[in-house]
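If you use the working numbering, the sequence shown corresponds to residues 4 to 339, in order.
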Amino acid sequence: MYVGTQLGGDQFAKVGDRYLRQLAQLGVRHVCIDPVGDPWQWDRDILMRHAEHVDKFGLVLDMVQLPLPSSGIERQHQSPGIVLGKPGERDREIDGICRIIEALAEAGIGAAKYNFNVLGIPRTTSETGRGGAVLSTWRADQATDGDTLTIAGKVGAEEFWERIEYFLERVVPVATASKVRLACHPHDPMTPPGYRGFESRVLSSVEGLMRFVETAESPYHGLNFCQGTVAEGMEDPRSEIGEVIRWFGSRKKIFNVHFRNIKGGRYSFTEEFPDAGDMDMPAALKIYHEVGYDGMIMPDHVPHIDADNSMETAFAFCFGYIIALFQANGWDPYGA
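Set out below in structure tokens:
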């Protein structure tokens with residue numbers, strides 16, 4: 004395992020090669036960065052050129068994001084048919100996903116991450132942390148939109164599972180044949196039953212994620228394990244997270260790690276810097292190592308700070324924190 008990071012195509016279009024140089028200077032060699040442009044147009048040549056461009060900066064393109072985003076269904080979602088379970092439309096979108104998976108294999112890119120999301124990432128009013136840093140916050144009892152349905156209407160838990168299982172039945176065999184690992188992000192955050200019409204966000208609980216990884220038998224079917232999101236569904240993340248990492252990690256179902264900390268837990272939390280939350284992050288990193296996890300450890304959802312470029316500055320802090328934890332244990336943080 005090694006330090007890594009992620010950047011969407013729209014973000015990459017804004018920061019360009021300057022940021023690739025910055026990552027190399029900070030010691031981050033492994034990345035998930037999407038090509039600029041429409042992902043439905045990705046083919047072998049586009050992906051190979053992108054990987055070769057990243058390589059010119061001494062970086063390795065470990066994975067990309069499939070056009071199944073974290074954004075809500077009402078924000079120009081790239082695959083509405085899949086997550087809404089629309090016959091015909093979802094089949095066309097799944098065909099496109101399968102073509103991308105095959106193109107990734109042809110381009111020598113061995114993994115892709117994705118979300119299976121309708122609600123997006125609900126949050127309430129931001130709160131302040133140390134030094135006045137602005138923290139992304141979820142207080143379910145303060146949410147004012149709980150009775151507002153999305154265009155999905157009311158959705159039962161098993162109804163949503165059918166959509167997930169239909170998707171997996173089609174794409175996992177293609178990923179397996181192509182030897183491309185598919186890493187699904189959990190639902191962020193866990194919401195109360197009935198919130199915006201959803202009986203349950205089925206991928207927000209540990210039990211739901213266990214069901215998910217057991218739904219399709221393949222070493223190429225697993226998780227983009229967002230430690231912060233998984234903790235958001237727990238009563239006591241500090242005492243619970245270790246065994247959960249061990250359960251998924253020992254089964255080789257963790258393909259990427261969002262190394263994020265929170266204060267609080269189920270229905271009530273703030274997103275923190277890795278050194279400032281409730282979870283013991285050095286202990287968590289040791290468990291990833293013990294179970295033989297072999298992918299990226301990357302920052303995610305950093306607090307907003309007073310800086311000319313808040314995100315880049317906060318991410319740089321997180322890179323340093325992660326690299327220092329590796330070195331304190333005598334491990335190589337950079338990867339081959």
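Glycine included, each C-beta is placed from N, C-alpha and C at the ideal position.
All values derive from a computational prediction rather than experimental measurement.
Going by DSSP, Glu130 is part of the beta strand (DSSP E) stretching over Thr127 to Thr131. Taking a contact to require three or more Cβ pairs closer than 8 angstroms, the region 122–137 and the region 186–199 qualify as touching. When DSSP reads this structure, Gly7 sits in a beta bridge with His33.
Per DSSP, the beta-bridge partners of Ser271 are Arg142 and Gly268.
Cβ neighbours of Asp191 within its own chain (closer than 6 angstroms, five residues either side excluded): Ile124 and Thr232. One alpha carbon belongs to Ser139, the other to Ile85, and they sit about 28 angstroms apart. In the DSSP assignment, Ala114 forms a beta bridge with Arg184. For Leu171, the secondary structure class from DSSP, reduced to helix, strand or coil, is helix. Annotation for Asp65: the continuous beta strand (DSSP E) segment containing it runs Val63 to Gln68.
Across the set Asp98, Tyr22 and Cys35, the C-alpha of Asp98 shows the shortest separation from the C-alpha of Phe170. Taking a 10 Å sphere around the C-beta of Ala114, we find 16 or more other C-beta atoms and assign the residue as buried. For the pair Met282 and Glu235, the CB atoms are not nearer than the 7 angstroms cut-off. Arg24 has its alpha-carbon roughly 18 angstroms from the corresponding atom of Arg52. Trp164 places its beta carbon less than 7 angstroms from that of Val205.
For Val294, there is no enclosing alpha helix (DSSP H), as DSSP marks it with neither H nor E.
Boundaries of the beta strand (DSSP E) around Met299: Met299 to Met301. For Leu87, the enclosing alpha helix (DSSP H) has its first and last residue at Pro83 to Leu87. Secondary structure of Phe262 (DSSP, three-state): coil.
In its chain, beyond the 5 residues on either side, Glu202 have a beta carbon closer than 6 angstroms to the beta carbon of Gly159. Contact check for Arg32 against Leu62 passes: the beta carbons are separated by less than 7 angstroms. Below 8 angstroms, too few C-beta pairs join the region 103–111 and the region 269–288 to call them touching: fewer than three. Listed as beta-bridge partners of His307 by DSSP are Val137. Counting along the chain, no beta strand (DSSP E) covers His53; the unbroken alpha helix (DSSP H) around it starts and ends at Arg47 to Asp58.
The residue among Ile154, Glu96 and Ser129 with its C-alpha nearest the C-alpha of Gly75 is Ile154.
Within the DSSP bridge table, the entry for Phe276 names no partner. The shortest CA-to-CA distance from Val34 to any of Ala327, Asp48 and Val260 is the one to Val260. Using a Cβ distance threshold of 7 angstroms, Asp303 and Arg241 do not count as a contacting pair.
Distances from the alpha-carbon of Gly88 to those of Glu238, Pro336, Gly134 and Gly156 put Gly156 closest. For Leu206, no beta strand (DSSP E) segment is defined, and its DSSP state is neither H nor E.
Beta-carbon to beta-carbon, Phe258 and Arg173 are separated by about 19 angstroms, too far to satisfy the 8 angstroms threshold.
A distance of 7 angstroms or more separates the beta carbons of Met66 and Asp297.
Minimum Cα-Cα distance from Asp41 among the listed residues Asp48, Pro70 and Asp20 corresponds to Pro70.
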